[in-house]
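Student: I am attaching a structure below and will ask some questions about it afterwards.
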Amino acid sequence: MDRILCIVSRQHPELFAYLQYRFRDSVVTVILDRRMSARRQESHSVPQERRREERRRRPELDADLKRHSHVIVRLGAES
Amino acid sequence: MTVERIRGAQPVEILDRVLDKGIVVDAWLRVALVGIDLFRIDAHVVVASIETSLKYADTHVAETPAQPARRRPPAERGHGPPGGAARVVQAALKAWNGHDTQGYGALLNDEYVGETHAVPVTIYGRGAARRAMRMMLALFPDLKFELLDVITAGDETLVSWVATATLYHERVSVSGCTVGRLRDGKIGHTWCYWDVANMLAPLRAVSDGSHPLHCVSTTS
């Protein structure tokens, strides 16, 4: 069975608490968004860039969580 | 419920009375100077305090023997078939977007309970749910819900949506969700979450901001 992840924006802690309560012991995992902000943007160049690549696999989630209180992610094909 | 008729009052005074006492207004008010609208209220029905009105509605339902109000704890498990959840959600959405209060009521269980986050009024029974829906549609006549996603886990259903409506000539759009539970193939319980403050911002701008407004929905 597919796993379903429900990511709740930090701006909606009460929604997070309620969803976590209602979907306990189910295939739906409710988590609070852990992403703080986009990676830092240096205005000046650095001698050696140590950051290799974007670690976030779903950058579009950031935009979705700014517009909506939560987003649903289905993990069946990946996990 | 008493009916007060206000004659010769200033617009601000009328609005203040409405916001303070939760009066249902059926009026069209316009103050113009040399043909230019300065201040206009053109809502057919403004329910300024839905909380007050729903308290009245709940009392009415509780007093009706055919529809006894039974309080259940929010976490109580139902026994409805989860397989029909998607069909019920689609039907509920169609009823809301079609402003079909009878159709929506028919989807509800006899012991339906409706809650909305941050609103201290709980709706018990089909009749109260229909009245709440009518109030909601009176306040937002062109209210539409766009379905974003539906997930079902056992008896629990999470419906994600975006609601759009026009309020005081402003187009407002609010995202939210409804956690529902089926009971015997019908909607037994809903808990609705949305950003009420955003949706009512244009209305609050008309008042002086000192009266908190509440908005109740029983969407599924």
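Sequences listed follow chains L and S, in order. Residue numbering for the first sequence follows the working numbering, starting at 1 and increasing by one per position. Residue numbering for the second sequence follows the working numbering, starting at 1 and increasing by one per position. C-beta: ideal position from N, C-alpha, C; glycine also.
#1: How many angstroms separate the CA atom of residue 62(L) from the CA atom of residue 155(S)?
#2: Residues of chain S with a CB under 8 Å from the CB of residue 26(L): which are they?
#3: Within 10 angstroms of its Cβ, does residue 39(S) collect 16 or more other Cβ (buried), or is it exposed?
#4: Could you spell out the range, first to last residue, of the alpha helix (DSSP H) harbouring residue 105(S)?
#5: With H, G and I counted as helix, E and B as strand and the rest as coil, what does DSSP make of residue 60(S)?
#6: Can you list, in chain order, the residues of its chain with a C-beta nearer than 8 Å to that of residue 64(L)? Leave out the 5 residues immediately preceding and following it.
#7: Counting Cβ pairs, one atom from each stretch, are 3 or more of them under 8 Å apart for the region 178-198 of chain S and the region 147-161 of chain S?
#8: Could you tell me the distance, in whole angstroms, from the CA atom of residue 186(S) to the CA atom of residue 86(S)?
#9: Of all Cβ atoms in chain L, is any one closer than 8 Å to the Cβ of residue 96(S)?
#10: Could you work out which residues of chain S lie near residue 14(L), taking near to mean beta carbons separated by less than 7 Å?
#11: Buried or exposed: residue 88(S), going by 16 or more other Cβ atoms within 10 Å of its Cβ?
#12: Decide if the region 136-147 of chain S is in contact with the region 162-175 of chain S; the criterion is three or more beta carbon pairs, one per stretch, under 8 Å apart.
#13: Quick one: is residue 142(S) near chain B, going by C-beta distance under 8 Å?
#14: Using a C-beta to C-beta distance shorter than 7 Å, which residues of chain S count as neighbours of residue 22(L)?
#15: If you compare alpha carbons, which of 60(L), 27(L), 48(L), 33(L) is closest to residue 75(L)?
#16: I want to see whether chain L comes within less than 8 Å of residue 188(S), judged by CB atoms only; does it?
#17: Using a 10 Å radius around the Cβ and a threshold of 16 neighbouring Cβ atoms, would you call residue 106(S) buried or exposed?
#18: Hey, is residue 67(L)'s beta-carbon within less than 8 Å of any beta-carbon in chain S?
#19: Does residue 17(L) pass the burial test, meaning 16 or more other C-beta atoms within 10 Å, or should it be called exposed?
#20: Can you give me the Cβ contacts of residue 8(L) inside the same chain, cut-off strictly under 6 Å, excluding the 5 residues immediately before and after it?
#21: Let me confirm a value: residue 68(L) is counted as buried when at least 16 other C-beta atoms fall within 10 Å, else exposed. Which label applies?
#22: Tell me whether residue 223(S) sits in a helix, a strand or coil according to DSSP, three-state version.
#23: For the candidate residues 20(L), 29(L), 19(L), 21(L), whose alpha-carbon lies nearest to that of residue 2(L)?
Tutor: In short:
#1: Computed Cα separation, rounded: 30 Å.
#2: Against chain S, a Cβ distance below 8 Å from residue 26(L) picks out 153, 154, 156.
#3: Only weak support exists for where residue 39(S) lies, its pLDDT of 44 falling under 50; the coordinates are left without a value.
#4: For residue 105(S), the enclosing alpha helix (DSSP H) begins and ends at 101-106.
#5: Unreliable placement is indicated for residue 60(S), whose pLDDT of 40 sits below 50; no coordinate value is reported for it.
#6: Correct list, in chain order: 71.
#7: Yes: at least three Cβ pairs fall under 8 Å.
#8: Those two C-alpha atoms are separated by around 11 Å.
#9: By this cut-off, residue 96(S) is not an interface position.
#10: 117, listed in chain order.
#11: Residue 88(S) is buried by the Cβ-count criterion.
#12: Touching, yes.
#13: No chain B appears in this structure, whose protein chains are L and S.
#14: Neighbours of residue 22(L) on chain S, chain order: 156, 179.
#15: When each option's Cα is compared against that of residue 75(L), the closest is 27(L).
#16: At a cut-off of 8 Å, the C-beta of residue 188(S) has no neighbouring C-beta in chain L.
#17: Label assigned to residue 106(S): exposed.
#18: So, interface residue.
#19: Residue 17(L) counts as exposed, since fewer than 16 other C-beta atoms from the protein chains shown sit within 10 angstroms of its C-beta.
#20: Beyond the five residues adjoining it in sequence on each side, residue 8(L) comes within less than 6 Å, by CB distance, of 15, 16, 32, 70 in the same chain, given in chain order.
#21: That one is buried.
#22: One cannot answer for residue 223(S) here, as it falls past the ends of chain S, which runs 1 to 220.
#23: When each option's Cα is compared against that of residue 2(L), the closest is 29(L).
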